[in-house]
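Chemist: Right, I'll just put the structure down here and ask away after.
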Amino acid sequence: MLSSLPGLPDHLIEPLQDGLLLRRGGYRGRFAPSPTGELHLGNLSTALASWLEARCRDGLWLLRIDDLDTPRNRSGAVDSIQHDLHWLGLHWDGPVILQSQRKGIYHSWLSWLRRTNALFACRCSRRMLAGSSRYPGTCRDRQLSWGWSDGRLPSWRLRVAADDPHQSGDVVLRRADGFVAYQLATVIDELQLGISDVVRGDDLREALPAQLSVFDALGSPPPRFRHVPLIRDLAGRKLSKREASAGLAPLRQAGSDAAAVIGRLAAGLNLVERETRISANELRQHLTQKGLCAFDS
Ligand code: GLU
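Structure follows, in structure tokens:
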């Protein structure tokens, strides 16, 4: 399958092959928060779902920090993410992976994709594209310059075939501000880290077609994806923005311990009947006994 990428240099192909081998070795999940602030209950619910599935399947669970979008990073967030996961008993395997330390890899892929004419430069503004749900191909055949012009850089888009089954349109792989796009970094990481299963929040479901097109462009099979419903309150209502965006601090201040918070998150995920006190490990045992380890997509 990787053979469909002619002229791919060894330093790019080997990590992909290693990743595929890792993937065949068993379940490998991951949690990939962006360090834009403290984890809120919505993120924590996703973290719990993804951790539970990995542990129920006797798999590994990696922690990756998506910190490429530096203007949105908040200082202290990387530490507080680790602290909160630890406090809840959601322990990860291996070292924390920081995307900011992997920029060289993403740029090597961008250069190769550009060299093989898989990309094109696009100078459409957000405003020009407003109203079209999928990129209409405006700059595809315009051979625009890759560098600065009128004080602006272009974005770099992947040429996606019109009969693409994922219907993603031409995905942006390098943004007009020069940053590597999440869609590229995440796909390269899933592959190189050998991720077999991605369990994440429903809000990322709409990112999937673009990611599937990128997997295709990299000649590699995607992992399994499952999107878990966003957390709800006990009455089944979506949490308000304010409730969902609160982190652990107010709960701790109100005297909640980890078992109380896990119980609350588990109730929100419909894994236990109602809010109860339960540790992450007890919850995992409970699900294993009931045969409820997989989350529906
Ligand atoms: N870091 C991104 C986020 O937190 C994406 C995570 C993912 O693909 O799971 O929204």
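Take the sequence shown: its position 132, counting from 1, is numbered 134 in our numbering, and each next residue is one higher. Beta carbons: idealized from backbone N, C-alpha and C, even for Gly.
Return the bridge partner residues of G306 from the DSSP annotation.
Modeler: Any question about residue 306 goes unanswered here, given that the chain covers just 3 to 299.
Chemist: Taking the C-alpha atoms as reference points, what is the distance between E16 and L90?
Modeler: As a first step, residue 16 must be located in the sequence shown, where it is residue number 14. As a first step, residue 90 must be located in the sequence shown, where it is residue number 88. Taking the straight line from one Cα to the other gives about 36 Å.
Chemist: Just checking S36 against the ligand GLU - is the residue's beta carbon closer than 6 Å to any of the ligand's heavy atoms?
Modeler: Residue mapping note: residue 36 aligns to position 34 of the sequence shown, counting from 1. Yes; taking the cut-off as 6 Å, the Cβ of S36 has a heavy atom of the ligand GLU nearer than that.
Chemist: Between which residues of its own chain and V189 is the CB-CB distance below 7 Å, once the five residues before and five after are set aside?
Modeler: Against the sequence shown, residue 189 aligns to sequence position 187. Taken in chain order, the residues that qualify are Q213, V216, F217, L220.
Chemist: Using DSSP bridges, identify the partner residues of A123.
Modeler: For the purposes of this step, residue 123 is taken as the residue at position 121 of the sequence shown. Answer is W158.
Chemist: Taking the straight line between their C-alpha atoms, what separation do you get for Q169 and L210?
Modeler: As a position in the sequence shown, residue 169 is number 167, starting the count at 1. As a position in the sequence shown, residue 210 is number 208, starting the count at 1. Near 10 Å, if we compare the C-alpha coordinates of L210 and Q169.
Chemist: In terms of DSSP beta bridges, what is G203 paired with?
Modeler: On the sequence shown, residue 203 is found 201 positions in, with the first residue counted as 1. Paired residues: V230.
Chemist: According to DSSP, is V263 part of a helix, a strand, or is it coil?
Modeler: Your numbering for residue 263 matches position 261 in the sequence shown. It is helical.
Chemist: Verify the contact flag: R202, CB atom, against every heavy atom of the ligand GLU, threshold strictly below 6 Å.
Modeler: Within the sequence shown, residue 202 is the residue found at index 200, counting from 1. Yes, Cβ of R202 sits closer than 6 Å to a heavy atom of the ligand GLU.
Chemist: Check S151 in the structure and name its three-state DSSP category.
Modeler: Indexing the sequence shown from 1 puts residue 151 at position 149. Looking at S151 - three-state DSSP - the assignment turns out to be strand.
Chemist: What do you get for G293, buried or exposed, if any count of 16 or more other CB atoms within 10 angstroms of its CB means buried?
Modeler: Residue 293 sits at position 291 when you count from the first residue of the sequence shown. Classification for G293: exposed.
Chemist: Apart from the five residues just before and just after V201, which ones in its own chain have a Cβ nearer than 7 Å to its Cβ?
Modeler: What you label residue 201 is simply residue 199 of the sequence shown in a count that begins at 1. Result list for V201: G31, A51, S52, E55, R228, V230, F297, in chain order.
Chemist: Where does I280 sit, in a helix, a strand or coil, going by DSSP?
Modeler: Numbered from its first residue, the sequence shown carries residue 280 at position 278. DSSP places I280 in coil when its eight states are reduced to three.
Chemist: Can you tell me whether D86 sits near the ligand GLU, meaning its C-beta is under 6 Å from at least one heavy atom of the ligand?
Modeler: In the sequence shown, residue 86 corresponds to position 84, counting from 1. No.
Chemist: If we ignore side chains and look at the alpha-carbon of each, how far apart do R59 and P138 end up?
Modeler: As a working mapping, residue 59 is identified with position 57 in the sequence shown. As a working mapping, residue 138 is identified with position 136 in the sequence shown. Distance between the alpha carbons of R59 and P138: 42 Å.
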